[in-house]
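Heads up, my numbering is the position in the sequence shown plus 48, with the first residue counted as 1.
The beta carbon of each residue, even a glycine, is placed where N, CA and C say it ideally should be.
Only a predicted model underlies this, so the values are computations on that prediction, with no experimental measurement involved.
Reading through the structure tokens given below for one structure.
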Amino acid sequence: MGSGGLELPPGGEGHEGSGSTDVPPGAVSLARPMGAGSIGPELDWDAGAWLEVRTRAQRAGRAYIWLNLVEQRLRAVVAAVLRPVYEPVHGDDWVVAAAGPAGQEWVQRAVAVREVSRRKGYLLDPADDNVLSFLTLPQLRELMVQHWPCFEPYFDERRDLELALDELEVTRNVVSRNRALSEAVLNQAERASARLLELLGAAGDVPSAGRLPVDAVEDLVGDRYADVVAVHSDRVRLMGQFPAEDLFGGARRLDAIGIGLNLLVQNFSGRRLVRLAESGCRVRLLFLNPASSAVKRRERELGMKRGELARSVEMNILHMRRVRSRLRDPGAFEIQVYDETPRFTAYLVDGDGADGVAVVQSYLRGARGMESPVLVLRGGSRVVTSDQLGDSGLFPTYREEFELAWADSRPVS
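The structure is reproduced here in structure tokens:
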């Protein structure tokens, strides 16, 4: 007899898959459970589903880091400006007093959440045992809006601040509810967050940030990857994210080693190189000698016609010689060739200072430079230091290799 007063069918042999219709009146027929084999395919995720959830998680993770940075910075700014005004009179309840009648509902909700967190042991850090730590980004914004005369001396434009916060609101809602975040919205959130941190006085102080902006993820976990800040499967994808103008424009020093240095020669015009050198940039270009046996071996590796690669390198060298001939100080634009087996190509921009950036590619046996993986390195002091890693960056390694190769090479007249 079931809990509802209905009689369940007997479990005898006559009712176990025999197709019998001999069911007592009033009995309820139960569906037989499906076998384990039939459940598996319905619950399993295929490769496409796993790729989708991984993409969602990666985007949400990046957005969360940006939102977390902005919220912490905004909380610190609100505390620095409003606490001296309200705390002398209201003590620990200064946030409640600052919220005033207009914010009574949400500030009391924050107080209640704080009390629940206290009782359940959710406050792991004593520094978070305050009402301000339980305010959300819109509530922190509301405090700033209500007390804008207090914040006005620190900000040039209120509209810029509010527009950036508006752009973040969509991302905040998506991330908090674990919904899908599109790449376009993520990019908008990253731009808005970077702008907000700049407005709030917390912009990155890394010298190379002007050429290669510091990413929030790099800023937090950069020590896991030494000084590698980006990896691209080929040069086409590199150029899409990091154009030659962004890499070479405004450089004060440029050292390059490779076979034909196509990334520079074919993507940065001679006129721009002339202006760069005339503005004070010192250039050292190290080509593979087009007459060397190493060029012939490389041609065979790539399946090229005899002399094809040599002519290409020679044309690039001639082009750089024409650039040099137009300079008032040709000595600041040096061109040399080497005869050794080429092992990598590297473009070291401002490699002698703390704001250096490098693009490095290893030569693969059957792939041209355009098709080879690319590493982007940040030189100088790393964004995040680590006692365990020490000076384990790759930038100094390639800079040293360049200097050794340069010392063993000979100039092009």
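Quick check: the segment 97-113 against the segment 228-247, are at least 3 beta-carbon pairs closer than 8 angstroms?
Contact between the segment 228-247 and the segment 97-113 is present: three or more C-beta pairs spanning the two stretches fall below 8 angstroms.
Cβ pair valine 407, leucine 311 closer than 9 angstroms:
Working through the sequence shown from its first residue, we reach residue 407 at position 359. Working through the sequence shown from its first residue, we reach residue 311 at position 263. Yes, Cβ-Cβ distance for valine 407 and leucine 311 is below 9 angstroms.
Just how far apart, CA to CA, sit phenylalanine 392 and arginine 447?
By one-based count along the sequence shown, residue 392 stands at place 344. By one-based count along the sequence shown, residue 447 stands at place 399. Distance between the alpha carbons of phenylalanine 392 and arginine 447 is about 12 angstroms.
Measuring only the C-alpha atoms, how far is arginine 369 from arginine 323?
To locate residue 369, count along the sequence shown from 1; it is residue 321. To locate residue 323, count along the sequence shown from 1; it is residue 275. Taking the straight line joining both Cα atoms gives about 15 angstroms.
If you check the beta carbons only, do aspartate 387 and serine 341 fall under 9 angstroms apart?
Counting from 1 along the sequence shown, the entry for residue 387 is found at position 339. Counting from 1 along the sequence shown, the entry for residue 341 is found at position 293. A distance below 9 angstroms separates the beta carbons of aspartate 387 and serine 341.
Can you tell me the Cα-Cα spacing of arginine 189 and glutamate 451, whole angstroms?
For the purposes of this step, residue 189 is taken as residue 141 along the sequence shown, with counting starting at 1. For the purposes of this step, residue 451 is taken as residue 403 along the sequence shown, with counting starting at 1. If I take the Cα positions, the gap works out to 53 angstroms.
Measuring only between beta-carbons, confirm whether arginine 225 sits less than 9 angstroms from chain B.
The question asks about chain B, but that chain is absent: this structure has only one protein chain.
Endpoints, alpha helix (DSSP H) assigned at glutamate 217:
Along the sequence shown, one-based indexing puts residue 217 at 169. Glutamate 217 -> alpha helix (DSSP H) spans 206-224.
Within the same chain, show all residues whose beta-carbon is closer than 6 angstroms to that of glutamate 449, passing over the 5 residues directly before and after it, in chain order.
Position 401 of the sequence shown, counting from 1, holds the residue named residue 449. Taken in chain order, the list of residues that qualify is empty.
From alanine 145 to leucine 115, what distance separates their C-alpha atoms?
Here the question's residue 145 lines up with position 97 in the sequence shown. Here the question's residue 115 lines up with position 67 in the sequence shown. If I take the Cα positions, the gap works out to 26 angstroms.
With a cut-off of 8 angstroms on the beta carbons, I'd call valine 424 and alanine 278 a contact; round off their distance for me.
The residue you call residue 424 lines up with position 376 of the sequence shown. The residue you call residue 278 lines up with position 230 of the sequence shown. So it is a contact: roughly 4 angstroms between Cβ atoms.
By the DSSP assignment, the beta strand (DSSP E) with alanine 175 in it spans what residues?
Within the sequence shown, numbered from 1, the residue matching residue 175 stands at position 127. Counting along the chain, alanine 175 falls outside any beta strand (DSSP E), and DSSP gives it neither H nor E.
Identify the continuous alpha helix (DSSP H) that holds glutamine 236 and give its terminal residues.
The residue given as residue 236 occupies position 188 in the sequence shown. Element bounds for glutamine 236: 231-247.
Checking 9 angstroms against the spacing of the C-beta atoms, do aspartate 282 and proline 421 come in under that value?
Locating residue 282 in the sequence shown gives position 234, counting from the first residue. Locating residue 421 in the sequence shown gives position 373, counting from the first residue. A contact, by the Cβ cut-off of 9 angstroms.
Give a yes or no on whether the C-beta atoms belonging to valine 155 and valine 179 are separated by under 9 angstroms.
Taking the sequence shown and counting its residues from 1, the one referred to as residue 155 is at position 107. Taking the sequence shown and counting its residues from 1, the one referred to as residue 179 is at position 131. Their beta carbons are under 9 angstroms apart, which means valine 155 touches valine 179 by this criterion.
Compare the beta carbon distance of glutamine 409 and alanine 394 with 9 angstroms and say whether it is the shorter of the two.
Against the sequence shown, residue 409 aligns to sequence position 361. Against the sequence shown, residue 394 aligns to sequence position 346. With contacts defined by Cβ atoms closer than 9 angstroms, glutamine 409 and alanine 394 form a contacting pair.
Considering only residues of the same chain and omitting the five flanking positions on each side of glycine 355, which have a CB-CB separation below 8 angstroms?
Counting from one through the sequence shown, the residue named residue 355 turns up at place 307. So the qualifying residues of the chain are Glu347.
Taking the beta strand (DSSP E) that arginine 13 belongs to, which residues open and close that run?
What is shown of the chain runs 49 to 461, which leaves residue 13 out entirely.
Host beta strand (DSSP E) of isoleucine 383 (start-end)
By one-based count along the sequence shown, residue 383 stands at place 335. Here the beta strand (DSSP E) through isoleucine 383 covers 381-386.
Give me the Cα-Cα distance between valine 38 and aspartate 208, rounded to the nearest whole angstrom.
The chain is shown only over 49 to 461; residue 38 falls outside these bounds and no answer can be derived.
Return yes when the Cβ of tryptophan 142 is within less than 9 angstroms of the Cβ of arginine 131, no when it is not.
As a first step, residue 131 is located in the sequence shown; it is residue number 83 there, counting from the start. As a first step, residue 142 is located in the sequence shown; it is residue number 94 there, counting from the start. Their beta carbons are under 9 angstroms apart, which means arginine 131 touches tryptophan 142 by this criterion.
Alpha carbon of phenylalanine 199 to alpha carbon of valine 125, nearest angstrom:
Here residue 199 is taken as the residue at index 151 of the sequence shown, counted from 1. Here residue 125 is taken as the residue at index 77 of the sequence shown, counted from 1. Whole-angstrom Cα-Cα distance: 9 angstroms.
From glutamate 153 to valine 118, what distance separates their C-alpha atoms?
Translated into the one-based positions of the sequence shown, residue 153 becomes position 105. Translated into the one-based positions of the sequence shown, residue 118 becomes position 70. Roughly 24 angstroms between the two C-alpha positions.
Kindly indicate which three-state DSSP category histidine 138 falls into: helix, strand or coil?
Sequence index remark: in the sequence shown, residue 138 carries index 90 (1-based). Reduced to three states, the DSSP call for histidine 138 is helix.
Under the rule that 16 or more other beta-carbon atoms within 10 Å means buried, what is asparagine 364, buried or exposed?
One-based indexing of the sequence shown puts residue 364 at position 316. It is buried - the Cβ of asparagine 364 has at least 16 other Cβ atoms within 10 Å.
Contained beta strand (DSSP E) runs [length at least 3] in the segment 264-323, N- to C-terminal order
Whole beta strand (DSSP E) segments, 3+ residues: 276-280 and 301-305.
Using the C-alpha atoms, what's the distance from valine 405 back to alanine 274?
In the sequence shown, the residue the question calls residue 274 occupies position 226. In the sequence shown, the residue the question calls residue 405 occupies position 357. Computed Cα separation, rounded: 14 angstroms.
C-alpha distance - glycine 427 paired with alanine 240, whole-angstrom precision
Sequence index remark: in the sequence shown, residue 427 carries index 379 (1-based). Sequence index remark: in the sequence shown, residue 240 carries index 192 (1-based). For glycine 427 and alanine 240, the distance between alpha carbons rounds to 27 angstroms.
Sequence-distant residues of its chain with Cβ nearer than 7 angstroms to alanine 325 (five each side left out)
Counting from one through the sequence shown, the residue named residue 325 turns up at place 277. Within the same chain, alanine 325 has close Cβ partners Val331, Leu375, Ala380 and Phe381.
Residue span of the alpha helix (DSSP H) that contains alanine 358, given as start and end
Taking the sequence shown and counting its residues from 1, the one referred to as residue 358 is at position 310. Alanine 358 -> alpha helix (DSSP H) spans 356-373.
Reference proline 459, options His367, Ser373, Asn337 and Val361, closest by Cα
Within the sequence shown, the letter at position 411 stands for residue 459. That would be Asn337, whose Cα lies nearest to the Cα of proline 459.
What is the DSSP secondary structure of serine 410, reduced to helix, strand or coil?
Taking the sequence shown and counting its residues from 1, one reaches residue 410 at position 362. In the structure shown, serine 410 sits in a strand (DSSP, three-state: E or B).
Considering only the alpha carbon of each residue, which of Asp173, Ser327 and Trp196 lies closest to glycine 298?
Numbered from 1 along the sequence shown, position 250 holds the residue referred to as residue 298. Out of Asp173, Ser327 and Trp196, Ser327 has the C-alpha closest to the C-alpha of glycine 298.
Based on Cα-Cα distance, which residue from Leu245, Leu191, Leu185 and Leu248 lies nearest to threonine 219?
In the sequence shown, the residue the question calls residue 219 occupies position 171. Comparing Cα-Cα distances from threonine 219 to each of Leu245, Leu191, Leu185 and Leu248, the minimum goes to Leu185.
Hey, could you find the ends of the beta strand (DSSP E) leucine 336 is sitting in?
To locate residue 336, count along the sequence shown from 1; it is residue 288. Note, leucine 336: beta strand (DSSP E), 330-336.
Straight-line Cα distance separating histidine 195 from alanine 150
Counting from 1 along the sequence shown, the entry for residue 150 is found at position 102. Counting from 1 along the sequence shown, the entry for residue 195 is found at position 147. Alanine 150 and histidine 195: Cα-Cα distance of roughly 12 angstroms.
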